[in-house]
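In the working numbering, the protein residues as written are 351 to 446.
Take a look at the structure:
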């Protein structure tokens with residue numbers, strides 16, 4: 351014996367309502383034990399839902415303090431976080 355459309359409708363309406371089963375049954379004037387039995391039957395015949403899929407997350411590196419180069423002659427150069435190592439090496443060669 352299959353689950354009637356009436357009971358399937360009640361179960362789906364209850365799930366969408368967000369109410370506890372007892373409250374839904376009281377509002378709809380349904381026997382709570384009958385509802386629970388039909389819910390068990392519904393869960394047996396419904397195909398299992400696929401597991402939730404993962405979504406890609408892009409993590410941003412938190413901003414850090416600027417990098418400061420200090421020269422013995424008293425000069426300093428403040429560089430922003432994430433400056434390219436290649437750019438820094440070229441700068442070092444030019445200043446050397």
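All C-beta atoms, glycine included, are put in the ideal place defined by N, C-alpha and C.
Where the beta strand (DSSP E) through residue i begins and ends
i	result
residue 418	417-420
Neighbour-count burial assignment, residue i, 16 or more Cβ in a 10 Å radius
i	result
residue 404	exposed
residue 444	exposed
residue 385	buried
residue 437	exposed
Paired residues, beta bridge with residue i - DSSP
i	result
residue 428	418
Opening and closing residue of the alpha helix (DSSP H) in which residue i lies
i	result
residue 404	No alpha helix (DSSP H) holds residue 404; DSSP gives it neither H nor E.
residue 389	382-395
residue 359	355-367
residue 398	Where residue 398 is concerned, there is no enclosing alpha helix (DSSP H), given that its DSSP letter is neither H nor E.
For residue j and residue i, the rounded distance between their alpha carbons
i	j	result
residue 395	residue 352	9 Å
residue 370	residue 414	48 Å
ask   = Is it a yes or a no for the segment 383-396 touching the segment 355-371, going by three-plus beta-carbon pairs under 8 Å?
value = yes
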